[in-house]
Amino acid sequence: MELTSSMLVLSLFVLVLVAEGGDVLFGGMHASRSHIGSMMPLALRLARDNHSVHFFESYTLLDPFPFPPSITSHLFKLPGDLVYSRQVLGLMWTRSYAPDVMSQLHTTGDNAFLDILDTHPQKFYGLMNATWDLHVVDELFGLASMGIALRHFEEKHTPYIIQSTTSTIQCYTWQMGLGRPVYHRPSMWFPNGDDLHFDPSLFWMRLRAAIRGVHAFVTSDFLPQKNAVFGMRAVGIEDFSFFRLWHLKSFNFVEDLATWVFPAAVSNEIKNVGRSCKKVKKLGAEFSEFVEDPNSKGTIFVAFGTNVLWEFAPEYIVDAFFDTLDRLSEYRVIFTYNGPKRNRTIPAHMKIVSWSPQLELLSHPKTKVYVTHGGLKSVKEAICTATPLVVFPLFAEQTYNAATVLKMGFARSLNKYTVDEKKLYDAIVDVLENPKYTVAVEKYSRMFTDLPMEALDEGAFFAKRAMRLKTRTPYFKIEGAKLSWAESLYVVFAVGLLVLWTVLSF
């Protein structure tokens, strides 16, 4: 009887621990539904564990993110110029972005922070003065959420986690003491080209990656913490630095697809929570009836994401896509296109839509190839559904992603500056007809979720651990993480040798 009572008490104690939840505040990049979408799987997983999950989001013009009922949104709507914003998005078709854009986007995030303080002060300080058990901040341009997290860390001993929604962790690995060289992977700013290829055994490729890596380090670290800190100062953070931000965090949650082909040093603070696949809903009748035509050899799916505006695409690119897809009449083609209506007849094998259920279409057994811009979520969904790719990089780290999936062996890539009908047609047909692409993507699809513990469960576990330990470090810190960039790169030692050599030479 005593044993039964003890077991009952123990069971009740365990149930209380399981039911106990914390208040968690997520904060993404300003004006980016895409980044919030990358953070949502973890947010939903924490909500399942009875945590009260909130999202800090700010937008200038875009519609707010459609959060599910289990997530509480704190929306800060800011004024903006619709025409200008659309034109900026349109530049991705014709412009190649250099690392300088990192500094510019941090400044944009800082300006948004100041606008929030100016237009919604009461609402912002309501979040600032609230009690939170954990902050999860976007590594990229989320200055306002970083400011809240640092203030709470200092004043209320609230832990925070940095979530990497892109591949820019490479710009901050020295601050974690990882000792990664800047030339072991293609840079985020890998130049456009057909079938992007990075071979670290070639000196000129290592040199180019090193130059761009150092450039990105300067524009994503040094310049922003000098020129994009006015919002931080307005809320009382006078000594902001990215070195300090990364040093004080509890964990870094990442989505790293390159680790299989470009391995790199990691540590106990890095948790790859991105190796998870969403549950797929049944494809709706509008699309299933179209793709399941018995005379079709399969489906070609073309989709470039909501930020890609086809109205700004050069005529030669639009013609290349429509002319190529016209020729593939043995297949069913779904083209997600939000541009102006074309003065041409759309053949019966093509379906032009402004929106499509991307994951459901990729999961359909008839889908044979996915033509994409190469965003991280799109590449991840291709791996989850074992769908080979034709990548058409436009902006951000998409050339980096393209070089990664080409190295993995399940994709072709095309240059946006030189694409034509022949190149696009040949690339799609090659992926359709050569089984090596399907074999490769099926291999990585099996590996992707072959883990001893589901990635999101691991993320939820370590988030709970961070909440329990508060500002205590839940792992052994790497000693190298305590060094400045000058110390870790032996700059002082090198300068000392130079001075000594100069003195001795006289």
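Taking this note's numbering, the leading residue of the sequence shown gets 1102, the next gets one more, and so forth.
For glycine and all other residues, C-beta sits at the position ideal for the given N, C-alpha and C.
Quantities reported herein were computed from a predicted structural model and do not represent experimental measurements.
- The DSSP-derived three-state label of H1136 is helix.
- Distance between A1503 and S1288, taken at the CA atoms: about 12 Å.
- Per the DSSP secondary-structure output, V1403 pairs in a beta bridge with F1436 and V1472.
- When C-beta atoms of the segment 1404–1423 are compared with those of the segment 1458–1478, three or more pairs fall below 8 Å, so the two segments count as touching.
- Assignment of beta-bridge partners to V1237 by DSSP yields F1127 and I1262.
- With 16 or more other CB atoms across the displayed protein chains lying within 10 angstroms of its CB, S1464 is buried.
- Put simply, of Y1160, N1328 and E1255 the residue whose alpha carbon is nearest the alpha carbon of S1204 is N1328.
- Contact annotation: the segment 1239–1248 does not touch the segment 1542–1559, with fewer than three C-beta pairs closer than 8 Å.
- Exclusion of the five residues before and after D1521 leaves Y1417 and A1421 as the residues of its chain whose Cβ lies within less than 8 Å of its Cβ.
- The Cβ-Cβ distance between I1453 and V1491 does not fall below 9 Å.
- Counting C-beta atoms within 10 angstroms of its own C-beta, M1451 has 16 or more neighbours from the protein chains shown and is therefore classed as buried.
- Cβ contact annotation for K1583 (same chain, cutoff 7 Å, sequence separation greater than five): none.
- Within 10 angstroms of the beta-carbon of T1220 lie fewer than 16 other beta-carbons, which makes it exposed.
- In this structure, the beta-carbon distance from A1497 to S1351 does not fall below 9 Å.
- Restricting attention to R1428, H1348 and L1297, the CA atom closest to the CA of T1572 is found in H1348.
- Taking 8 Å as the upper bound for CB-CB distance, L1426 and F1436 are in contact here, some 6 Å apart.
- Take L1190, set aside five residues on each side of it, and the residues of its chain with a beta-carbon closer than 7 Å to its own are N1408 and L1410, in chain order.
- Taking every protein chain shown into account, the CB of G1332 has 16 or more other CB atoms within 10 angstroms, so this residue is buried.
- In the DSSP secondary-structure assignment, F1352 is bridged to I1262.
- Every alpha helix (DSSP H) stretch that sits fully inside the segment 1337–1393 and reaches 4 residues is listed by chain position as 1343–1349 and 1386–1392.
- Minimum Cα-Cα distance from N1212 among the listed residues R1313, F1242 and G1399 corresponds to F1242.
- Per DSSP, E1522 is one residue of the alpha helix (DSSP H) stretching across E1522 to E1534.
- Nearest to T1274 by alpha-carbon distance, out of K1481, W1586, F1577 and D1239, is W1586.
- Beta-carbon to beta-carbon, K1467 and G1399 are separated by about 5 Å, close enough to satisfy the 8 Å threshold.
- Under the three-state reduction of DSSP output, R1513 falls in the strand class.
- Boundaries of the beta strand (DSSP E) harbouring T1173: I1172 to K1178, taken from the DSSP string.
- The C-alpha of E1390 is placed about 13 Å away from the C-alpha of A1449.
- Residue E1393 holds the alpha-carbon nearest to the alpha-carbon of V1434 among E1393, E1412, F1413 and N1444.
- Each residue's CA atom was taken as its position, placing V1381 and C1485 some 10 Å apart.
- Following the DSSP letters along the chain, one finds I1447 in no beta strand (DSSP E), marked with neither H nor E.
- With fewer than 16 other Cβ atoms inside 10 Å of its own Cβ, E1534 counts as exposed.
- The Cβ atoms of S1265 and E1158 do not sit closer than 9 Å to each other.
- Annotation for G1278: I1579, G1581 and A1582 place their beta carbon closer than 6 Å to its own, counting only its chain and skipping 5 residues before and after.
- Residues of the same chain with a CB within less than 6 Å of the CB of G1314, apart from the 5 flanking positions on each side, are V1283 and S1288 in chain order.
- For F1168, the three-state secondary structure derived from DSSP is coil.
- I1453 is bridged by DSSP to F1436.
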